[in-house]
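First to last, the protein sequences are chains A and B.
Read in order, the letters of the first sequence correspond to residues 1 to 488 in the numbering used here.
Read in order, the letters of the second sequence correspond to residues 1 to 536 in the numbering used here.
To start, the structure under review is shown below, and the notes come after it.
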Amino acid sequence: MALEYDSLNENVKKCQYAVRGELYLRASELQKEGKKIIFTNVGNPHALGQKPLTFPRQVVALCQAPFLLDNPNVGMLFPADAIARAKHYLSLTSGGLGAYSDSRGLPGVRKEVAEFIERRDGYPRPCASYLSYHSDPELIFLTDGASKGVMQILNCVIRGAGDGILVPVPQYPLYSATISLLGGSLVPYYLDESENWGLDVNNLKQSVAQARSQGISVRAMVIINPGNPTGQCLSEANLREILRFCYNEKLVLLGDEVYQQNIYQDERPFISSKKVLMDMGSPFSKEVQLVSFHTVSKGYWGECGQRGGYFEMTNFPPRVVEEIYKVASIALSPNVSAQIFMGLMVNPPKPGDISYDQFTRESKGILESLRRRAKIMTDGFNSCKNVVCNFTEGAMYSFPQIRLPPGALQAAKQAGKVPDVFYCLKLLEATGISTVPGSGFGQKEGVFHLRTTILPAEEEMPEIMDSFKKFNDAFMTQYDNNFGYSRM
Amino acid sequence: MRRFVIGQAKNLIDQTRRPRPHHNNIRLLSLLASDPIPVSSSRLFSDMPGSDSSSSLPVTIDSINPNVLKCEYAVRGEIVNIAQKLQDDLKINKDAYPFDEIIYCNIGNPQSLSQQPITFFREVLALCSHTALLDRDETHALFSADSIARAWKILDQIPGKATGAYSHSQGIKGLRDAIAAGIEARDGFPADPNDIFMTDGASPGVHMMMQLLISSEKDGILCPIPQYPLYSASIALHGGSLVPYYLDEASGWGLEISELKKQLEDAKSKGITVRALAVINPGNPTGQVLSEENQRDIVDFCKKEGLVLLADEVYQENVYVPDKKFHSFKKVARSMGYGEKDISLVSFQSISKGYYGECGKRGGYMEVTGFTSDVREQIYKVASVNLCSNISGQILASLVMSPPKPGDESYESYIAEKEGILSSMARRAKTLEEALNKLEGITCNRAEGAMYLFPCINLPQKAIAAAEAAKTAPDTFYCKRLLNATGIVLVPGSGFRQVPGTWHFRCTILPQEDKIPAIVNRLTEFHKSFMDEFRD
Chain A
1 MALEYDSLNE NVKKCQYAVR GELYLRASEL QKEGKKIIFT NVGNPHALGQ KPLTFPRQVV
61 ALCQAPFLLD NPNVGMLFPA DAIARAKHYL SLTSGGLGAY SDSRGLPGVR KEVAEFIERR
121 DGYPRPCASY LSYHSDPELI FLTDGASKGV MQILNCVIRG AGDGILVPVP QYPLYSATIS
181 LLGGSLVPYY LDESENWGLD VNNLKQSVAQ ARSQGISVRA MVIINPGNPT GQCLSEANLR
241 EILRFCYNEK LVLLGDEVYQ QNIYQDERPF ISSKKVLMDM GSPFSKEVQL VSFHTVSKGY
301 WGECGQRGGY FEMTNFPPRV VEEIYKVASI ALSPNVSAQI FMGLMVNPPK PGDISYDQFT
361 RESKGILESL RRRAKIMTDG FNSCKNVVCN FTEGAMYSFP QIRLPPGALQ AAKQAGKVPD
421 VFYCLKLLEA TGISTVPGSG FGQKEGVFHL RTTILPAEEE MPEIMDSFKK FNDAFMTQYD
481 NNFGYSRM
Chain B
1 MRRFVIGQAK NLIDQTRRPR PHHNNIRLLS LLASDPIPVS SSRLFSDMPG SDSSSSLPVT
61 IDSINPNVLK CEYAVRGEIV NIAQKLQDDL KINKDAYPFD EIIYCNIGNP QSLSQQPITF
121 FREVLALCSH TALLDRDETH ALFSADSIAR AWKILDQIPG KATGAYSHSQ GIKGLRDAIA
181 AGIEARDGFP ADPNDIFMTD GASPGVHMMM QLLISSEKDG ILCPIPQYPL YSASIALHGG
241 SLVPYYLDEA SGWGLEISEL KKQLEDAKSK GITVRALAVI NPGNPTGQVL SEENQRDIVD
301 FCKKEGLVLL ADEVYQENVY VPDKKFHSFK KVARSMGYGE KDISLVSFQS ISKGYYGECG
361 KRGGYMEVTG FTSDVREQIY KVASVNLCSN ISGQILASLV MSPPKPGDES YESYIAEKEG
421 ILSSMARRAK TLEEALNKLE GITCNRAEGA MYLFPCINLP QKAIAAAEAA KTAPDTFYCK
481 RLLNATGIVL VPGSGFRQVP GTWHFRCTIL PQEDKIPAIV NRLTEFHKSF MDEFRD
């Protein structure tokens, strides 16, 4: 055999990605056997019945088949603004959806992204102060999903095992998996569950000090805002602290902001890392290196299958940008359909447009429902025995803490499973609910969680939460032996 | 002071992006033309204090991953950067140039040069993009009946008909079934949908395999020289060693087993463990189509030496000569009686080439056979980190491997489109090959397949000396001169590697047929004046 398991790249063997790991594979097996499975393992809204927004699908359908635009009857199937927008995006390409674009993405779309960023952060053009807040399309790269962008940037930053990346615990395991694959070191900083998953700069300092004492050069820090799996939204003060910390410690900040549209409380609206950085002024605004990531997969769009994302670099030297461009060019170009989705996302229908009312109705409907579901799920978990759940302030997940009794820990050990994997497998088999065990995201030693999404249809939520409660309370009773519980 | 200087640098960089007066552009261009290293306007400012210093920033050119610095990709490299600046300048300074458009012959990107997509494929894609269309009566007036039927069939294979959802990390099962059936129809040997991993183009699949195979620079991958520089770039990025095997230009870019053996032994003696053999068939940039006998020898070689065979077959539909035919390596191996236990084979296919040319959709797959289940699990795991490839590309890949059949409503128009494109490519390949062979000092092997011509140019000593003085590789020097005189963008042979001391360039056969005579004229004129200037 030419390729043996033993001779595979160790970094590949080491890397883990629980989101589509053991639980998911088991759930898929059970589904094949005919069991009804509710997949809440991944933030995949359309798979759970969320409908795509109508307008972007109309525009992209026209771009897929431009001959439709020549047909006199096209107006019977498509509204005029969708037709106009399709023509607009096709004019930005050099051969429609089937031609490789610029390796960084279509310049016209990147310009729209730049304008969106300026508008979002409160500096719409024409801007009084050109140099104080500016988004440069040349520093915006479109990618096949935000994940590819994260991989590209980390590939640039990580030179070897001596390079450490600060990653929140719990984290979305793209980061741990990618750091593993690239042969770098993950430097964890713990979020505080008792403070609603808050970020304490003292934890950061401790983590960095510890890493450095082990000879690791800490190069970058990842924040996921809103958080995944934890959902917390960072305050402006928090972001300032983080940016100051990165300035002092000379770290690149990787701002994963893919859930920026998913905010379910009003105390902490989304503020971009870039805006805070620029508002801090010199020297921070000129020297802190920042990469911000966004996507069409989340928000109220949920267009995961398109694979569309971007990253924006701030304070990156031109020669480094060239190198990143060079690596992007090896992959030739990101897929053009998704680039058009991105253009539409940052430039949605405006008041007065034919499709505006429908678009607004659809978007609001989704966001308001997500907000309600975030609450239903949090409350539902909190009503269960030995389950404590922080409120989902943002993103798409609920991350309840499951306080497993010693009996359960023992049973898990006997079964050869990590405790939360054991619990989640039992949950799956009893109810068909497919979750991801907290160990897939990282957690404090001896404290267990699971991650589920808030995406199942609203009308199915009560039944799902009932089903969970029934299983959980029976499980807890079964393994209860009054000896003390796992807790933080 | 530092802030002021950074501000100055930023201003200057910004200025070079805005349209500039003519005389400044000439100065900029002449600076760029003489600079041998990959260039952008910002390079001019790299010596300014604070603009790119390694001082306090964590990520600078001195501190990024050295593998990133090492890797190169000439298809979209230096010459293309210059061409893009020329193109921008042409918009405002039309009269400054002896040509009125830039013609990109550097990259296999057919639809950017007016090749039309296959109508049936795009009908199906449009219906899958906006499924509400399928509920409307008016749709029947605008779409063919079989495209509507196919869209329904595909949607039924997607859970919830949700084309916006992440799929299975190997790709939607029903689509993989269609691809497996297509492979079986092509080869006459069964294919397992579970062996198929769908990717955003074939390139990510190549990267995945390199990642699996390479642990350090002691791991080597045998690559053809000349090669499509994805391979060299990927090996560099993953920290491995490229072990070159030279194709024989004199025998139509033939692949000699003796050369493979020689290079393998050579690598071993240097302490390199060779893990795989990459073969591109039809070849890129060389265009040769391997004979079945050659393929059998290659399969035996891999089996004997315990190498994974990486078969890049993205040009399988592009064969232009009646005396050659494409045979997949899978078919060849199976017809030799070799099964899963005998040979580890990864076959790559893409929707970017062929007659469909859907580069911008990013679709493709690799068929992975002859690996143990624990290895396959690792491949699956790596694929899952990216969740899945884009659904639209997956749908297209299934359509490419199971197109309309005789009797289908769209069959006639589909066949007409397909054959129109392929016969035109064959004509263009011949026309350009003949034209190039007429030029002084240039010999060009025929393009048996793929999308490129890769002529050998015998540069006079004077030209080589001039190139050296300009600190540029001689073929790059030639291509830059050619670009500035004609607006035609080629890729110098050094981008693909070549036998040392020989020079080539790669030109695509993709400009539309009506543009070919003008291209031939400009090339011929330029070459004559170049030779007049540099003839020994």
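Don't be surprised by glycine CBs; every beta carbon is placed ideally from N, CA and C.
Sorted by chain position, which residues of the same chain lie with C-beta nearer than 6 Å to D398/B's C-beta, five sequence neighbours on each side aside? What sits at residue 398/B in the sequence shown is Ser, not Asp. Closer than 6 Å at the Cβ level, and outside the excluded window around S398/B, lie L175, A178, I179.
State the DSSP-derived secondary structure class of V39/B, mapped to helix, strand or coil. Confidence at V39/B is low in this model, with a pLDDT of 30, below 50, so the placement of that residue is unreliable and no value is reported for it.
Unbroken stretches of the beta strand (DSSP E), 3 residues or longer, contained in the region 176 to 228 of chain A: 185 to 190, 217 to 224
Taking C-beta pairs closer than 9 Å, name the residues in chain A that N390/B reaches, listed in chain order. D144, G145, G305, Q306, R307, G308, N335, S337, A338
Below 9 Å on C-beta distance, what does G162/A contact in chain B? Those do not exist, as G162/A stays about 12 Å from chain B at its closest Cβ, beyond 9 Å.
Just by C-beta distance, which residues in the region 159 to 175 of chain B are closer than 9 Å to chain A? P159, G160, A162, T163, G164, A165, Y166, S167, H168, S169
Kindly give me the distance between the Cβ atoms of F505/B and L490/B, rounded to whole angstroms, as I take these residues to be in contact under 8 Å. 5 Å
Exposed or buried, H168/B, counting other C-beta atoms within 10 Å across all chains shown (16 or more means buried)? buried
Within chain A, partners of Q111/B - CB distance below 8 Å: G95, G96, G98, A99
Under 9 Å (Cβ pairs) to chain A, residues found in the region 133 to 147 of chain B: L133, R136, E138, T139, A141, L142, F143
Does any residue of chain B have a CB that is nearer than 8 Å to the CB of G167/A? The sequence as given places Val at residue 167/A; Gly does not occur at that position. Closer than 8 Å: no.
Spatial distance of R76/B from I107/B (CA atoms): 8 Å
What separation, rounded to the nearest whole angstrom, lies between the Cα atoms of V321/A and L23/A? 39 Å
Work out the CA separation of G105/A and K417/A for me, nearest whole Å. 45 Å
Residue ranges of each alpha helix (DSSP H) run of no fewer than 4 residues wholly in the region 84 to 142 of chain B, ordered along the chain? 119 to 129, 139 to 142
Should T477/A be labelled buried (16 or more other beta-carbon atoms within 10 Å of its own) or exposed? exposed
Assuming I221/B contacts L247/B (C-beta within less than 8 Å), just tell me the rounded distance between them. 16 Å between Cβ atoms; not a contact.
Express the C-alpha separation of Y100/A and N472/A in angstroms, rounding to a whole number. 51 Å
May I have the straight-line CA-CA distance separating T435/A from I395/B, to the nearest angstrom? 29 Å
Presumed contact (8 Å Cβ cut-off) between T143/A and P334/A, rounded CB distance: 5 Å
In the DSSP output, what is I489/A paired with across the bridge? What is shown of chain A runs 1 to 488, which leaves residue 489/A out entirely.
Would you kindly work out how many angstroms separate the C-alpha atoms of P66/A and V258/A, rounded to a whole number? 31 Å
Near S103/A, what residues of its chain come up, given a Cβ to Cβ distance below 6 Å and the 5 sequence neighbours on each side ignored? A328, S329, S333
Spatial neighbours of Y104/B in its chain, beta-carbon cut-off 6 Å, leaving aside the 5 residues before and after: V489
Proximity below 8 Å, CB of E118/A to CB of R110/A: no
Shorter than 8 Å from the beta carbon of Q378/B to some beta carbon of chain A? yes
Could you tell me whether the Cβ atoms of G442/A and P226/A are closer together than 8 Å? no
Under 7 Å between beta-carbons, which chain A residues line up against F477/B? List them in chain order, please. In chain order: nothing, as chain A lies at least about 21 Å away.
Residues of the region 335 to 363 of chain B whose Cβ lies closer than 7 Å to any Cβ of chain A, in chain order: S344, G357, E358, C359, G360, K361, R362
Which residue wins for smallest C-alpha separation from G184/A, given the options F399/A, G162/A, G198/A? G162/A
Could you tell me which residues DSSP puts in a beta bridge with A276/B? I221/B, V308/B
Anything in chain A within Cβ reach of T372/B, meaning under 9 Å, just list it in chain order. M1, L3, E4, Y5
Compute the Euclidean distance between the alpha carbons of V314/B and V279/B, then round it to the nearest angstrom. 11 Å
Go ahead and pull the three-state DSSP assignment for T472/B. coil
Residues of its chain near D340/B, where Cβ-Cβ distance is below 7 Å and the 5 sequence neighbours each way are ignored: The question names Asp, but residue 340/B is Glu in the sequence shown. Counting only Cβ-Cβ distances below 7 Å, and skipping sequence neighbours, we find T369, G370.
Where do the N-terminal and C-terminal ends of the beta strand (DSSP E) with C507/B fall, by residue? 505 to 508
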